[in-house]
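Right, one structure below, let's go through it.
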Amino acid sequence: MDEVQERIRKLLDERGLTPEAVSRRAGLDRGYLTKLFSREGASPRGRTLTRLADALETSVGFLLSGESEGEQPQESGLDASATCAQPFWLGGGSRMRNVSVEDVGSSREIPILGTAAGAHVRGARIITKRITGMIRCPPHLAAFTGIYAMYVEGDSMSPQFASGDLIVVNPNKPARPGDVVVVRMRAEGDSEEATLGIYVGRENGDIMISKRRPPDSHVKLSGAHVVSVERVLTLAEILGA
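Everything in the sequence shown is counted per this note's numbering, starting at 7 for the first residue and increasing by one.
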């Protein structure tokens, strides 16, 4: 296998991302990485390589030679509950640097914790010990704790949400029937799984959600494994409209 392809696959696994999500995040055709992996010895070049490095939050040098990522955040010392009101990592493009609260000053950041599945019952893994990226927090959300972001995986919530789209979740807002929610469920070890859907309600202790595709499809999630049901903010709420 081509070494560049191998490093891309390794980063996808570490960050809990799919080839489709990263391709879209890089501004490429959603099938780009899948096609690349099917061609033995093929490697991205030029601007495409730079875009993929940005989308994977690494450097071009690492993809080409495996050199240390240097400024990438380490798992130790990270708190995945870091929120708008508690910034721990300040982003600079695709590069990340460790900063103190004093360095941040009035800056506020929302942590990206992984992906939420929009295609299957079994959710995509939330990376609970590693923040995979940061986005700027709107000032009107800065007072809320616990807010986080995730990338959508799969297409069962399209056209409302496509694979690779970024969603912002506020666990402080109670979910009502009809709200788009992230259902967080216990998984192996200390990780969690997250499934994206439209909240229908509870049935005998289980959580019922529906999907956009196929229309009116319903999924029952065992209440014994559900950690929480958390509401996805609308665009108007994110913008403060």
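Quick reminder that beta carbons are idealized off the backbone N, C-alpha and C, glycines included.
#1: Looking at C-beta atoms only, is the number of pairs between the segment 199-215 and the segment 48-62 that lie closer than 8 Å three or more?
#2: Give the straight-line distance between the Cα atoms of Gln166 and Met156, rounded to the nearest whole angstrom.
#3: Under 8 Å between the Cβ atoms of Val187 and Ser169?
#4: Quick one: what's got a C-beta closer than 8 Å to Pro180's C-beta in the same chain, skipping five residues either side?
#5: Please report the residue range of the beta strand (DSSP E) in which Ile215 lies.
#6: Reducing DSSP to helix, strand and coil, say where Leu295 ends up.
#7: Could you check where the alpha helix (DSSP H) with Arg57 kicks off and where it finishes?
#8: Which residues mark the beginning and the end of the alpha helix (DSSP H) in which Ile153 is found?
#9: Based on the DSSP output, what are the partners of Ile173 in its beta bridges?
#10: For Glu63 and Asn210, what's the separation of their Cα atoms in angstroms?
#11: I'd like the list of long-range same chain contacts for Ser82, defined as Cβ closer than 6 Å, with 5 residues on each side in sequence excluded.
#12: When the Cβ atoms of the segment 134-154 are set against those of the segment 114-121, are three or more pairs found closer than 8 Å?
On the basis of the supplied data:
#1: no
#2: 15 Å
#3: no
#4: Arg237
#5: 212-217
#6: The requested residue 295 is not part of the displayed model; the chain covers only 7 to 247.
#7: 52-61
#8: Element bounds for Ile153: n/a, residue is neither H nor E.
#9: Met156
#10: 42 Å
#11: Note on Ser82: pLDDT 31, under 50, position unreliable in the model; the coordinate value appears next. Nothing meets the Cβ criterion.
#12: yes
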